[in-house]
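J.: Going by this note's numbering, the first residue of the sequence shown is number 16, and it counts up by one from there. No residue lacks a Cβ here, since even glycine has one placed at the ideal position from N, Cα and C. Before I ask anything, let me first share the structure, which is written out below as structure tokens.
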Amino acid sequence: MKLDPSLYGDLLVALLPELVLTGWALVLLLFVAWRHRTARDLRIAGWLTLVALVSTAAVVWWLWWNHTEIAGLASMVAADDFRWVADWVFLGAAGLTVLISFAYLEREQLLAPEYYVLLVFGTLGMMIMAAGADLMVIFLGLELMSVAVYVLAGFDRRRARSAEAALKYFLLGAFASGFLLYGIALVYGATGTTNVGLIGVQVGLSQRSVMVLAGLALLIVGFGFKVAAVPFHMWAPDVYDGAPTPVTAFMATGVKAAAFAALFRVLLEGFAGVGVWRDIVWWLAVITMIGGNLFALGQRSLKRMLAYSSVAHAGYLLVAVAAGGTPGTSAFLVYIVAYTLMSVGAFALLAAKGRGGESDVLIDDLAGLSARRPWLAFALAICMLHGDVHETGAERVSARRRAARHMGWRRGRRCGLCDSAVRCLAEPAVRSRAQRG
């Protein structure tokens with residue numbers, strides 16, 4: 016199904032998933048204004064959110080099934096398989112977060128159904144980012160997502176650490192947005208457009224322009240903050256640790272996936288003619304992989320360790336971004352799906368293990384877990400082994416290596432050696448600590 020973005024009706028069809036989710040968000044707002052006092056109201060809001068996410072996913076599937084495409088380069092939105100898969104990842108991450116939140120919110124006495132409204136608006140911002148074929152559309156989606164997640168990070172107002180997490184995320188998020196906006200301004204000044212496809216055409220003619228390179232550098236820095244790549248990761252451990260556990264799961268999966276989806280489209284479609292960014296992103300990937308795993312080694316809190324694990328996974332995803340092309344795209348999509356399932360599962364188990372409050376769950380507390388709660392221990396073991404022996408884990412590691420080899424055999428081998436060496440240090444240390452006692 017070919018869509019002409021210059022026609023109002025076709026543009027509405029291209030934005031149909033976002034429009035459906037917006038409608039459900041307004042329904043939720045009306046419900047919350049009417050009923051917002053009891054645990055039952057909270058549960059109803061949660062189920063309405065699940066219905067909203069499932070119905071939106073069905074619309075995405077319908078557009079994908081009909082091979083919906085946008086005609087021409089000048090459209091502000093994209094309609095391709097990359098967008099549809101990314102949308103399913105966002106909706107899936109949000110749906111799993113809702114399922115985790117049911118028991119968690121009641122246990123922590125956070126009886127505010129506005130939580131689910133913010134979750135829906137955050138997901139809407141992610142979908143706009145993935146759909147954006149214009150830098151301003153991507154930025155608007157980013158801000159919609161960020162504002163919702165700022166509030167979610169500080170949703171537990173009784174805990175000082177939650178308020179601290181929200182403040183840190185807000186300040187550094189605004190700082191990163193400033194880099195992005197300044198980069199967009201420089202790119203616009205150099206090319207005369209904010210459309211990603213047209214930027215690619217203009218950059219091919221003037222790739223040595225100092226203004227283009229400066230704008231590209233600022234865009235990479237801004238997105239580096241959003242994906243928590245080393246050395247722009249300093250906010251992630253404190254924010255992930257202080258936010259409510261379901262919100263941390265949502266941030267580590269949906270927010271990260273949305274930032275990567277936007278980065279992927281901007282670099283590969285807008286700056287494919289500028290080869291220098293591939294080397295920069297590749298070195299960021301190596302530093303992030305090594306740094307994330309090494310920082311995780313020194314953690315005693317399970318939640319902070321998972322936060323640094325999320326940083327390390329950002330490095331693996333950056334390998335796919337640097338590779339680009341079909342190998343990079345397939346590796347990115349396979350890895351982000353598997354990572355989302357694994358990460359949400361790990362944080363869900365952390366929320367279950369931390370019953371009775373948001374006190375720290377230490378790695379040492381896992382000792383003897385198989386005797387006390389065998390099913391929880393079994394599920395945690397599956398999450399730990401996901402990248403080693405599970406079928407999906409083998410597939411995503413293979414896809415990542417194919418993407419690395421796409422950059423050149425020597426560079427691919429170096430990347431694999433760095434990854435393997437650090438994992439050989441990190442995994443036995445964590446497992447032996449969990450088995451003590």
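With a threshold of 6 angstroms on Cβ separation, who are the neighbours of L26 within its own chain once the five nearest residues in sequence on each side are excluded?
T.: Closer than 6 angstroms at the Cβ level, and outside the excluded window around L26, lie P20.
J.: Strictly by DSSP, which residues pair up with E123?
T.: BP columns for E123 are empty, so no partner.
J.: Look up V359 in the DSSP assignment and say whether it is helix, strand or coil.
T.: Helix at V359.
J.: Using a Cβ-Cβ cutoff of less than 7 angstroms, which residues in the same chain neighbour A86 once the five nearest sequence positions on both sides are dropped?
T.: Taken in chain order, the residues that qualify are K17, L18 and D19.
J.: Find the nearest neighbour of F190 within the set S161, G215, F393 and G204, judged by alpha-carbon distance.
T.: For the residues S161, G215, F393 and G204, the minimum Cα distance to F190 belongs to S161.
J.: L22 by DSSP, collapsed to three states: which one?
T.: Residue state, collapsed to three classes: coil.
J.: In angstroms with no decimal places, state the Cα-to-Cα distance between V359 and S224.
T.: One C-alpha to the other measures close to 43 angstroms.
J.: May I have the straight-line CA-CA distance separating V211 from E284, to the nearest angstrom?
T.: Cα to Cα, V211 sits roughly 6 angstroms from E284.
J.: CB T260 to CB F362, shorter than 8 angstroms?
T.: Result yes, Cβ atoms of T260 and F362 sit closer than 8 angstroms.
J.: With which residues is K17 paired in a DSSP beta bridge?
T.: BP columns for K17 point to E84.
J.: For the alpha helix (DSSP H) that contains N210, what are its first and last residues?
T.: Taken as a continuous stretch (DSSP letters only), N210 belongs to no alpha helix (DSSP H), as it is neither H nor E.
J.: At which residues does the alpha helix (DSSP H) containing I5 begin and terminate?
T.: Nothing about residue 5 can be reported from this structure: the residues present for the chain run from 16 to 452 only.
J.: Can you have a look at P389 and say buried or exposed, based on whether 16 or more other CB atoms are within 10 angstroms of its CB?
T.: So P389 ends up on the exposed side.
J.: Beta-carbon separation of F117 and G61 under 8 angstroms?
T.: Cβ atoms of F117 and G61: closer than 8 angstroms.
J.: Work out the CA separation of A181 and S90 for me, nearest whole Å.
T.: When rounded, the distance between both Cα atoms is 35 angstroms.
J.: Could you round the C-beta distance between L57 and L120 to whole angstroms and report it? I think they count as a contact, below 8 angstroms.
T.: At roughly 6 angstroms, the Cβ-Cβ gap stays under 8 angstroms, so L57 and L120 are in contact.
J.: Just to confirm the assignment: which complete alpha helix (DSSP H) runs, minimum length 4, are found wholly within the stretch 151-196?
T.: With a minimum length of 4 residues, no continuous alpha helix (DSSP H) run stays inside the stretch 151-196.
J.: In the DSSP assignment, what are the bridge partners of S316?
T.: Bridge partners of S316: L377.
J.: Can you tell me whether H328 is buried or exposed? The criterion is at least 16 other CB atoms within 10 Å of its CB, across all chains shown.
T.: The residue in question, H328, is buried, as its Cβ has 16 or more Cβ neighbours within 10 Å.
J.: When burial is assigned at 16 or more other CB atoms within 10 Å of the CB, is T53 buried or exposed?
T.: Answer is exposed; the Cβ neighbour count stays below 16.
J.: Report the CB separation of T64 from L36 in whole angstroms; it is logged as a contact under 8 angstroms.
T.: The Cβ separation is near 10 angstroms, so there is no contact.
J.: Who pairs with G147 in a beta bridge, going by DSSP?
T.: The partner list for G147 (beta bridge, DSSP) reads V92.
J.: Would you mind stating whether I397 and V281 have Cβ atoms separated by less than 8 angstroms?
T.: No, these two residues do not count as a Cβ contact at 8 angstroms.
J.: Please classify T53: does DSSP put it in a helix, a strand, or coil?
T.: T53: coil per DSSP, three-state reduction.
J.: For M249, name the three-state secondary structure that DSSP assigns.
T.: Residue state, collapsed to three classes: coil.
J.: Does the stretch 106-116 touch the stretch 233-249, meaning 3 or more C-beta pairs lie closer than 8 angstroms?
T.: As far as the Cβ criterion goes, the stretch 233-249 does not touch the stretch 106-116, which means the pair count is below three.
J.: Let me see if you follow: with CB-CB separation under 8 angstroms, is L201 close to chain B or not?
T.: This model lacks chain B altogether; it includes just one protein chain.
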